[in-house]
Amino acid sequence: MKPRDLLLALAVVLVWGINFVVIEVGLEGMPPLLLSALRFFFAAVPAIFLLGRPRVAWRYVVGVGLALGVAKFGLLFIAMDHGVPAGLSSLVLQSQVIFTVLFAIAVLRERPRPAQLVGIVIACAGIVLIVLDRKLSAPVGALALVIVAAGFWGVSNTITRYARPPDTLRFMVWASAVAVVPLLILSLLTEGPRADLEALRGIDLTGIGAIAYLAFAATLFGFGVWGYLLRQYDASTVAPFSLLVPIVGMSAAWVLRGEKVGLQQAIAAVLVIGGMACTIIRRRTPRAAESGELVTSAA
């Protein structure tokens, strides 16, 4: 990888890792579904008017918009609003690799590599350790929402594999646009018009900064650069960088939010990240380089 592209990959990892802390900050002054809706609104507008239509079938755009934008991020924001801290969220959300591999086997009829099966077992062991951690401050129900969110991320990855968008940024901008209205409707129904209006009226520079970071840095910059890297290099070169996202996320939560990591959670983190490594790292072969495998990592 060229030095410039290496720096771009590390920049995306940094942006996506810190993203979890930014979500936590944004949730201090805004209901979760409204915050998610605003994130995708500003990620989509005005970009959809500048980039043109997505060059894939609309059913894929709608599918990813609902699975990734509404279900994954909606559930993640709700879970964090109900007490799952930023660092832990960044780690548990990576259980998406388990669902992605399982959905690829069931839907895409892909034949799993032995290393992938081993990785799933290892990552599952890590998630079980987190759930059984008696020192864990996060409610189990909220933690379960993060796991369900990871499942929807796996659904989104499977749809994206079907779509194979030639321009990841354009694809994500339109998927973001799809997510806005359902999120707003769900926010009005569950969080209430009064709460939404009060949040909008009381928004301060911190809230504006959080929305801007989520929309422009995490979504547009992150997916734009990630898509560029996947077009320049095979997936086996780009994918390992996603292993750094939960490490950055947990480190940022510790430094910026004072989130502590106990021994059991640390062991769980090693297992989850190790399981991820088994599922995404593979030997370079001509077949792997030409497969067009799309690796996604975001928050």
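Residue 245 in full-length UniProt numbering sits at position 245 of the sequence shown; the count goes up by one each step and never skips. Quick reminder that beta carbons are idealized off the backbone N, C-alpha and C, glycines included.
- Just so you know, the alpha carbons of residue 55 and residue 168 end up roughly 10 angstroms apart.
- Per DSSP, the continuous alpha helix (DSSP H) segment holding residue 265 begins and ends at 263-280.
- Around the CB of residue 219, 16 or more other CB atoms lie within 10 Å, so the residue is classed as buried.
- Counting the other Cβ atoms within 10 Å of the Cβ of residue 99 gives 16 or more, which makes it buried.
- The C-beta distance from residue 186 to residue 146 rounds to 18 angstroms, too long to fall under 8 angstroms, and the pair is not in contact.
- By alpha-carbon distance to residue 149, the top candidate from 180, 177, 160, 79 is 79.
- Going by DSSP, residue 171 is part of the alpha helix (DSSP H) stretching over 168-190.
- With a 10 Å radius around the Cβ and a threshold of 16 neighbouring Cβ atoms, residue 209 comes out exposed.
- Shown here, residue 138 sits in coil according to DSSP, grouped into three states, outside any helix or strand.
- Annotation: the UniProt domain "EamA" (6-131) contains the following complete segments of the alpha helix (DSSP H) (minimum length 4 residues), in chain order: 32-44, 47-51, 58-64, 73-81, 86-92, 96-106, 114-131.
- Taking C-alpha positions only, residue 88 is separated from residue 120 by approximately 19 angstroms.
- Between residue 141 and residue 15, the C-beta spacing is not below 8 angstroms.
- In this chain, residue 216 is not harboured by any alpha helix (DSSP H), its DSSP state being neither H nor E.
- By the neighbour-count definition (other C-beta atoms within 10 Å, threshold 16), residue 72 is a buried residue.
- Annotated three-state conformation of residue 250 is helix, per DSSP.
- Distance from the Cα of residue 133 is smallest, within the candidate group 277, 279, 263, for 263.
- Shown here, residue 233 sits in coil according to DSSP, grouped into three states, outside any helix or strand.
- Boundaries cannot be given for residue 203, as no alpha helix (DSSP H) includes it and DSSP labels it neither H nor E.
- Counting C-beta atoms within 10 angstroms of its own C-beta, residue 234 has 16 or more neighbours from the protein chains shown and is therefore classed as buried.
- Residues 55 of the same chain have their beta carbon placed closer than 6 angstroms to that of residue 166, with the five preceding and five following residues left out of the count.
- For the pair residue 237 and residue 197, the Cα-to-Cα distance works out to about 46 angstroms.
- By the Cβ neighbour-count rule, residue 58 is exposed, with fewer than 16 other Cβ atoms within 10 Å of its own.
- The criterion of a C-beta distance shorter than 8 angstroms is not satisfied by residue 195 and residue 39.
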